[in-house]
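In what follows, a structure is listed as structure tokens, so that the remarks can point back to it.
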Amino acid sequence: MTSPTRFVSTLTALAAATALFAGCASAPTVTPALQQARSNVRSAEADPAVLKYASLDAKKAADSLRRAEELSAKRESPADIDSAAYVASTQARTAMAIGRAATEEEAIKSAEADRERARADANANRANVAQNQAANAQIAAANANADANAARQQAAAANVDAAQAQAQAAALAQELADLQARQTDRGMLVTLGDVLFEFGRAEIKPAAQTSIAKLAHYLTQHPDRRVLIEGFTDSVGSDSANLTLSQRRSQAVAEALRAQGVDPTRVATRGYGEAYPVASNSSTSDRAMNRRVEVYISNDNQPVRARG
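Remember, this note's numbering sits 4 above the position in the sequence shown when you count from 1.
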């Protein structure tokens, strides 16, 4: 017969195990992208320049991070969490860039004010030039100082322009690298493989949302670029079914971009079915290569040239 003391101890152990299991089961999903977003938002919120010049942008980043944290707490898919975290990180970096640019602009304006004050002093000295030769020497020195300030201001402005151009070029290069894009005679090509869709379906998988989000961010940052989305299938199934499926898939990608803020008037879609294969359809791996969506991004504000 079990003693009361042993029975109570068993119940206590079971309760502790149940609480431990419940605590583990309810732990939020934390991804590297979410951790990076937290760090970026903290950095933005601690930056005095952001607080002074880009507080609204910092708030947007905090709101986006809060959305990612909510998805994490609900244990949503890592892809959804990463997508929200990516937006928060981007907004935080944007806030810090705005803060830096505004700080540099304020320094230039301050230097311009110094220059104007120096020129005013020089003009005052010119009014007394008739008094003595020493006044003339002072005027010459003031003019030389004003010219030196002007040269420094021009150099500072040139440095700011160069830094901004370099930052934009670096951001563009990184975005293209993230998208694994390559240049073609029709524009920049981003190929989205068959990992976007279940076999025979046109609904984008949740795991593919990160790639869609990166593509949408690039396009929203370059609003002058035009887009052509082309869908392709392998040779399995009838020609008409494959043509319809490829059209639906290209339209699904276009709709996903529109949902993330890309102007639909910039986007055109085409479906080619099993036409234009990039590999033979004789093996599973070759057919997987042919099941794809190709996104062409124009090099200017003109529509992407259609296939000849």
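Yeah, the Cβ is synthetic: ideal placement off N, Cα and C, and Gly gets one too.
Range covered by the beta strand (DSSP E) that runs through residue i
{"i": "residue 235", "result": "231–236"}
{"i": "residue 272", "result": "271–275"}
{"i": "residue 2", "result": "In the structure displayed, the chain extends from 5 to 312; residue 2 sits before or after that span and is not available."}
{"i": "residue 195", "result": "191–196"}
{"i": "residue 330", "result": "The requested residue 330 does not occur in the structure, where the chain is confined to residues 5 to 312."}
{"i": "residue 188", "result": "186–188"}
For residue i: DSSP bridge partner residues
{"i": "residue 109", "result": "BP columns for residue 109 are empty, so no partner."}
{"i": "residue 201", "result": "208"}
Selected residue, minimal CA-CA separation from residue i, among the options
{"i": "residue 78", "options": "111, 32, 310, 90", "result": "32"}
{"i": "residue 283", "options": "295, 272, 275", "result": "295"}
{"i": "residue 183", "options": "42, 298, 63", "result": "298"}
{"i": "residue 188", "options": "138, 302, 64", "result": "302"}
{"i": "residue 97", "options": "36, 73, 131, 175", "result": "175"}
{"i": "residue 83", "options": "229, 37, 276, 47", "result": "37"}
{"i": "residue 311", "options": "232, 73, 50, 157", "result": "232"}
{"i": "residue 291", "options": "239, 70, 227", "result": "239"}
{"i": "residue 305", "options": "256, 235, 226", "result": "226"}
{"i": "residue 147", "options": "206, 125, 75", "result": "125"}
{"i": "residue 300", "options": "274, 279, 286", "result": "274"}
{"i": "residue 95", "options": "120, 61, 85", "result": "61"}
{"i": "residue 157", "options": "143, 120, 93", "result": "120"}
{"i": "residue 229", "options": "63, 241, 190", "result": "190"}
{"i": "residue 109", "options": "122, 168, 137, 255", "result": "168"}
{"i": "residue 123", "options": "103, 144, 137, 287", "result": "144"}
{"i": "residue 308", "options": "81, 234, 137", "result": "234"}
{"i": "residue 102", "options": "52, 139, 137", "result": "52"}
{"i": "residue 85", "options": "59, 39, 43, 55", "result": "39"}
{"i": "residue 104", "options": "171, 203, 289", "result": "171"}
{"i": "residue 288", "options": "165, 280, 203", "result": "203"}
Other residues of its chain near residue i: CB distance less than 6 Å, five sequence neighbours each side excluded
{"i": "residue 106", "result": "57"}
{"i": "residue 24", "result": "Because the pLDDT of residue 24 is 42, which lies under 50, any placement of that residue in the model is unreliable, and the number read from its coordinates should be weighed accordingly. None."}
{"i": "residue 271", "result": "231, 258"}
{"i": "residue 223", "result": "266"}
{"i": "residue 3", "result": "Nothing can be reported for residue 3: it is not among the residues displayed for the chain, which extend from 5 to 312."}
{"i": "residue 244", "result": "none"}
{"i": "residue 261", "result": "220"}
{"i": "residue 181", "result": "none"}
{"i": "residue 131", "result": "none"}
Same chain, Cβ closer than 7 Å to residue i, five either side skipped, listed in chain order
{"i": "residue 161", "result": "112"}
{"i": "residue 185", "result": "192, 193, 194"}
{"i": "residue 293", "result": "282, 283"}
{"i": "residue 88", "result": "68, 71, 72, 75"}
{"i": "residue 45", "result": "65, 66, 69, 92, 96"}
{"i": "residue 255", "result": "273"}
{"i": "residue 34", "result": "76"}
{"i": "residue 149", "result": "122"}
{"i": "residue 206", "result": "249, 252, 253, 256"}
Test: residue i CB closer than 9 Å to a CB of chain C
{"i": "residue 310", "result": "As a matter of chain content, chain C is missing from the structure shown, which is built from one protein chain."}
Same chain, Cβ closer than 8 Å to residue i, five either side skipped, listed in chain order
{"i": "residue 90", "result": "37, 41, 214, 217, 218, 221"}
{"i": "residue 1", "result": "The question about residue 1 has no answer here: the residues shown for the chain are numbered 5 through 312."}
{"i": "residue 47", "result": "96, 100"}
{"i": "residue 142", "result": "129"}
{"i": "residue 164", "result": "105, 108, 109, 112"}
Residue interval of the alpha helix (DSSP H) (run including residue i)
{"i": "residue 67", "result": "59–77"}
{"i": "residue 222", "result": "213–225"}
{"i": "residue 248", "result": "243–263"}
Residue i Cβ short of 8 Å to the ligand NAP heavy atom set
{"i": "residue 259", "result": "The ligand NAP is not part of this structure, which contains no ligands at all."}
Next on the checklist: Contact between the region 107–115 and the region 153–163 is defined here as three or more beta-carbon pairs at a separation below 8 Å; is this criterion met?
Outcome noted: Enough Cβ pairs lie closer than 8 Å, so yes.
Checklist entry - Pairing CB atoms from the region 196–207 with CB atoms from the region 266–273, are three or more of them under 8 Å? => result At 8 Å Cβ cutoff, the stretches do not touch.
Item to check | Segment contact flag, the region 210–230 with the region 239–251, C-beta cutoff 8 Å, min 3 pairs | outcome: Result no; under three Cβ-Cβ pairs closer than 8 Å.
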